[in-house]
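**Q**
Number of protein chains: 2
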Amino acid sequence: MSDTGPGSASGAVPVPVPVPVPGHGHGYDPQAFPPFAVTVDLAVFTVRGATLHVLLIRRAQEPYAGAWALPGGFLLPRESAETAARRELAEETGLSMEVVDALHLDQLRTYSEPDRDPRMRVVSVAFTALVPDLPEPVAGGGGDADRARWVPVGEACAPAFGLAFDHGEILADARSRVGSKLEYSCLATAFCPPEFTLGELQAVYETVWDTALDRPNFRRKVLATPGFVEAVPGAARLTGGRGKPAALYRPGPATTLHPPLLRPTEGHTR
Amino acid sequence: MSDTGPGSASGAVPVPVPVPVPGHGHGYDPQAFPPFAVTVDLAVFTVRGATLHVLLIRRAQEPYAGAWALPGGFLLPRESAETAARRELAEETGLSMEVVDALHLDQLRTYSEPDRDPRMRVVSVAFTALVPDLPEPVAGGGGDADRARWVPVGEACAPAFGLAFDHGEILADARSRVGSKLEYSCLATAFCPPEFTLGELQAVYETVWDTALDRPNFRRKVLATPGFVEAVPGAARLTGGRGKPAALYRPGPATTLHPPLLRPTEGHTR
DNA sequence: TCAAAAGTGTTGTATATACACCCATGG
DNA sequence: CCATGGGTGTATATACAACACTTTTGA
Chain A
17 MSDTGPGSAS
27 GAVPVPVPVP
37 VPGHGHGYDP
47 QAFPPFAVTV
57 DLAVFTVRGA
67 TLHVLLIRRA
77 QEPYAGAWAL
87 PGGFLLPRES
97 AETAARRELA
107 EETGLSMEVV
117 DALHLDQLRT
127 YSEPDRDPRM
137 RVVSVAFTAL
147 VPDLPEPVAG
157 GGGDADRARW
167 VPVGEACAPA
177 FGLAFDHGEI
187 LADARSRVGS
197 KLEYSCLATA
207 FCPPEFTLGE
217 LQAVYETVWD
227 TALDRPNFRR
237 KVLATPGFVE
247 AVPGAARLTG
257 GRGKPAALYR
267 PGPATTLHPP
277 LLRPTEGHTR
Chain G
17 MSDTGPGSAS
27 GAVPVPVPVP
37 VPGHGHGYDP
47 QAFPPFAVTV
57 DLAVFTVRGA
67 TLHVLLIRRA
77 QEPYAGAWAL
87 PGGFLLPRES
97 AETAARRELA
107 EETGLSMEVV
117 DALHLDQLRT
127 YSEPDRDPRM
137 RVVSVAFTAL
147 VPDLPEPVAG
157 GGGDADRARW
167 VPVGEACAPA
177 FGLAFDHGEI
187 LADARSRVGS
197 KLEYSCLATA
207 FCPPEFTLGE
217 LQAVYETVWD
227 TALDRPNFRR
237 KVLATPGFVE
247 AVPGAARLTG
257 GRGKPAALYR
267 PGPATTLHPP
277 LLRPTEGHTR
């Protein structure tokens with residue numbers, strides 16, 4: 017995708033519809049079907065400091081030139097949406113395909129409002145990805161990544177931020193999805209490095225949910241869920257600065273959380 | 017969609033790609049984008065007797081002529097996927113647009129494997145819909161519905177049943193999604209008539225999950241969740257045959273279930 | 001020796017489960 | 001009067017939230 021700019025229907029321009037429109041009622045030309053452009057859009061999240069960030073790219077071309085947008089681009093003729101999403105992600109972040117293939121990618125939903133792209137009919141399959149805080153920031157690596165930046169989701173979601181297309185809506189959907197996913201799936205570990213402390217895992221939950229959690233109860237719940245995390249057997253220590261060294265854990269084999277780890281008091285007594 | 021037959025890319029035939037393929041690396045013609053056909057597929061569920069059924073349509077044309085498939089069809093040039101899904105649903109079931117507009121439709125996921133349709137590139141947005149056991153069976157109403165039938169999901173999911181395209185996969189995904197949805201959303205009521213008894217609601221859960229539930233505990237959980245159901249104030253009685261008349265309830269304003277109503281012993285102690 | 005972070009223990013309350021039991025109706 | 005399904009009560013076990021407490025490190 018590179019030069020065309022990110023976002024839906026990047027630098028492309030409408031192309032005449034080759035065969036117009038099948039009839040709606042009975043009996044239309046079976047040779048006809050309306051063609052669409054299909055793209056992927058990615059909401060890539062990470063936790064930096066104590067804030068949830070999303071990866072955005074500054075658009076080079078019209079429409080929305082200069083505005084920020086979610087990374088993404090067209091499907092190639094023989095690519096599935098997920099394959100295209102991984103390819104785009106590798107291009108935009110500068111990560112290697114091996115790393116990207118191991119990442120957790122989740123299909124969010126497909127956005128297909130007729131006027132979501134002012135130029136033409138574009139249907140976009142949106143994905144969410146969760147990545148650990150990358151040692152080297154994505155920007156500055158050369159190529160596409162030069163226009164990429166991590167932005168706190170709070171800022172990016174604000175209407176004033178002016179995300180291109182319907183990416184504000186996509187981002188809001190993705191954010192709320194990530195919040196719920198933490199409740200009933202194990203993928204909070206996707207935000208963590210390969211080995212992590214329970215404190216770091218708790219910080220992920222607290223950042224995404226924007227709530228404080230009770231540490232003793234949190235560790236009990238996590239350790240009581242079989243397969244969520246497993247202790248790193250060898251010397252288990254690593255320090256974030258002061259304080260007692262913490263034991264290290266790895267993601268376990270489980271993918272879903274039974275029972276779920278619910279957010280506290282989400283409007284109800286629980 | 018009518019005559020072209022249901023399912024992905026119904027009766028249509030490949031159309032030459034007008035502008036071939038943008039480059040993958042840097043610098044390609046921004047005028048170019050690969051066109052795709054976009055369809056919707058619907059997994060429409062209902063509870064009949066004590067069995068979960070899905071609406072299927074027998075294909076009239078190749079490929080997979082004579083095989084069963086999920087209802088669906090092309091997006092019109094200015095339709096969103098959801099609008100198309102509702103239109104197709106109305107056409108295939110013979111229900112009025114007013115009824116269909118009130119139904120609960122849920123986007124499942126988008127299927128985009130390059131060879132999922134043997135003729136051409138078709139990207140399909142799949143939806144699930146939950147409908148009450150319709151007083152008049154959908155088949156026999158004339159039009160598309162003549163080829164429609166309710167099939168128990170157990171049969172339809174079996175590989176030997178030979179669903180067209182990747183509809184077996186879609187149906188399996190949809191089924192498992194419906195099972196989880198009942199845990200944390202209120203939409204079990206979508207399977208029920210506008211006014212229903214708690215016994216009927218419990219039967220929905222038992223049918224979809226294929227488990228027995230404790231009646232007293234079930235009613236307590238349901239009634240303890242604010243906004244899940246609300247009692248019909250007037251004379252509250254209706255009999256399914258013998259036994260004490262049951263109170264009637266309506267769906268409440270809530271959409272999510274906090275705390276969730278978890279399936280018993282899904283491999284764990286809970 | 002103090003602050004900070006990790007980790008353990010305890011306790012009151014809320015919730016869930018598994019029943020036993022009563023009510024109203026049709027046959 | 002009995003079978004069938006609706007509806008209520010309750011004892012026990014369990015889980016969870018809150019918070020006090022100990023441990024181990026850096027400064």
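Line order of the protein sequences matches chains A and G. Under our numbering, the first residue of the first sequence is numbered 17, with each subsequent residue one higher. Under our numbering, the first residue of the second sequence is numbered 17, with each subsequent residue one higher. No residue lacks a Cβ here, since even glycine has one placed at the ideal position from N, Cα and C. Here the structure is a predicted model, which means the values were calculated and not measured.
Jot down the residue ranges of each uninterrupted alpha helix (DSSP H) in the region 193-242 of chain G, minimum 4 residues, whole runs only, in chain order.
**A** 214-225, 231-240
**Q** Helix, strand or coil: which one does DSSP assign to P30 of chain A?
**A** For P30 of chain A, the predicted model reports a pLDDT of 39, less than 50, meaning its position is unreliable; a value from the coordinates is still stated below. P30 of chain A falls in the coil class under three-state DSSP.
**Q** Please confirm if the region 53-71 of chain A is in contact with the region 169-176 of chain A, defined as three or more CB-CB distances below 8 Å between the two stretches.
**A** yes
**Q** Since F52 of chain A meets chain G, which of its residues come closer than 9 Å, beta carbon to beta carbon?
**A** P51, F52, A53, V54, L91, P93, V139
**Q** If I follow the unbroken beta strand (DSSP E) through R103 of chain G, where does it start and stop?
**A** Unbroken run through R103 of chain G is the alpha helix (DSSP H), 97-109; no beta strand (DSSP E).
**Q** Who are the neighbours of R125 of chain A on chain G, taking C-beta pairs under 7 Å?
**A** Q123
**Q** Could you say if the region 265-272 of chain G and the region 229-243 of chain G meet the contact criterion of at least three C-beta pairs nearer than 8 Å?
**A** yes
**Q** Output needed for T213 of chain A: all residues of its chain with C-beta closer than 6 Å, excluding positions within five of it in sequence on either side, in chain order.
**A** A262
**Q** If you compare alpha carbons, which of G:V194, G:F181, G:A228 is closest to A81 of chain G?
**A** Nearest of G:V194, G:F181, G:A228 to A81 of chain G, Cα basis: G:F181.
**Q** I'd like the span of the alpha helix (DSSP H) that includes G170 of chain A, first residue to last.
**A** 169-173
**Q** From the DSSP secondary-structure annotation, give me the bridge partner or partners of Y265 of chain A.
**A** Paired residue(s): A:F212, A:A247.
**Q** Where C208 of chain A and L91 of chain G are concerned, what is the direct C-alpha to C-alpha distance, given to the nearest angstrom?
**A** Going from the Cα of C208 of chain A to the Cα of L91 of chain G covers about 41 Å.
**Q** For Q123 of chain A, list the residues DSSP reports as bridge partners.
**A** A:F143
**Q** If you follow the alpha helix (DSSP H) that A118 of chain A is in, where does it begin and where does it stop?
**A** Under the DSSP assignment, A118 of chain A falls in the alpha helix (DSSP H) whose first and last residues are 113-118.
**Q** I'd like to know if the region 123-131 of chain A and the region 93-103 of chain G are in contact, where contact means that at least 3 CB-CB pairs between them fall below 8 Å.
**A** yes
**Q** Which residues does DSSP list as the beta-bridge partners of G259 of chain G?
**A** Beta-bridge pairing links G259 of chain G to no other residue.
**Q** Leaving out five residues before and five after Y265 of chain A in sequence, what residues of the same chain have Cβ atoms less than 8 Å from its Cβ?
**A** Taking Y265 of chain A as the centre and dropping the five residues before and after it, the same chain places the C-beta of E211, F212, T213, L214, L217, V245, E246, A247, V248 closer than 8 Å to its C-beta, in chain order.
**Q** Check whether chain G comes within 7 Å of E129 of chain A, counting only Cβ atoms and requiring the distance to be less than that.
**A** At least one chain G Cβ lies under 7 Å of E129 of chain A.
**Q** Mind checking if S112 of chain G is an interface residue toward chain A, Cβ cutoff 7 Å exclusive?
**A** It does not; no Cβ of chain A falls within 7 Å.
**Q** When you compare the CB positions of V54 of chain G and F52 of chain A, do they come within less than 7 Å of one another, or not?
**A** Between V54 of chain G and F52 of chain A, the C-beta gap is smaller than 7 Å, which places the two residues in contact.
**Q** Name the two residues that bound the continuous beta strand (DSSP E) containing P51 of chain A.
**A** From DSSP, the beta strand (DSSP E) with P51 of chain A extends over 51-64.
**Q** Among G:F49, G:V60, G:P50, which residue has its Cα nearest to the Cα of H183 of chain G?
**A** Out of G:F49, G:V60, G:P50, G:V60 has the C-alpha closest to the C-alpha of H183 of chain G.
**Q** Tell me the DSSP secondary structure of G184 of chain G in three-state form.
**A** helix
**Q** Give the straight-line distance between the Cα atoms of F234 of chain G and V63 of chain A, rounded to the nearest whole angstrom.
**A** 40 Å
**Q** Using a Cβ cut-off of 7 Å (strictly closer), state whether S96 of chain A contacts chain G.
**A** yes
**Q** Is A190 of chain A near T223 of chain A, with beta carbons less than 7 Å apart?
**A** no
**Q** Would you list, in chain order, the members of the region 260-281 of chain G that have their beta-carbon closer than 8 Å to a beta-carbon of chain A?
**A** H274, P275, P276, L278
**Q** Looking only at its chain, what residues have a beta carbon closer than 8 Å to the beta carbon of L179 of chain A, apart from the 5 residues adjacent to it on each side?
**A** Within the same chain, L179 of chain A has close Cβ partners L72, A83, W84, A85, L86, A172, L187.
**Q** Would you say L277 of chain A and E185 of chain A are within 7 Å of each other, going by their C-beta atoms?
**A** no
**Q** By the three-class DSSP mapping on this structure, what secondary structure does R94 of chain A have?
**A** coil
**Q** Drop a sphere of 10 angstroms on the beta-carbon of T205 of chain A, count the other beta-carbons inside from all chains shown, and report buried for 16 or more, exposed for fewer.
**A** buried
**Q** Give the straight-line distance between the Cα atoms of I74 of chain G and V115 of chain G, rounded to the nearest whole angstrom.
**A** The residue asked about is misnamed: residue 74 of chain G is Arg in this sequence, not Ile. Cα to Cα, R74 of chain G sits roughly 24 Å from V115 of chain G.
**Q** Distance check for A118 of chain G and R279 of chain G, CA to CA, integer angstroms please.
**A** 28 Å
**Q** Just the C-alpha distance for A228 of chain A and A174 of chain A, rounded to the nearest angstrom, thanks.
**A** 24 Å
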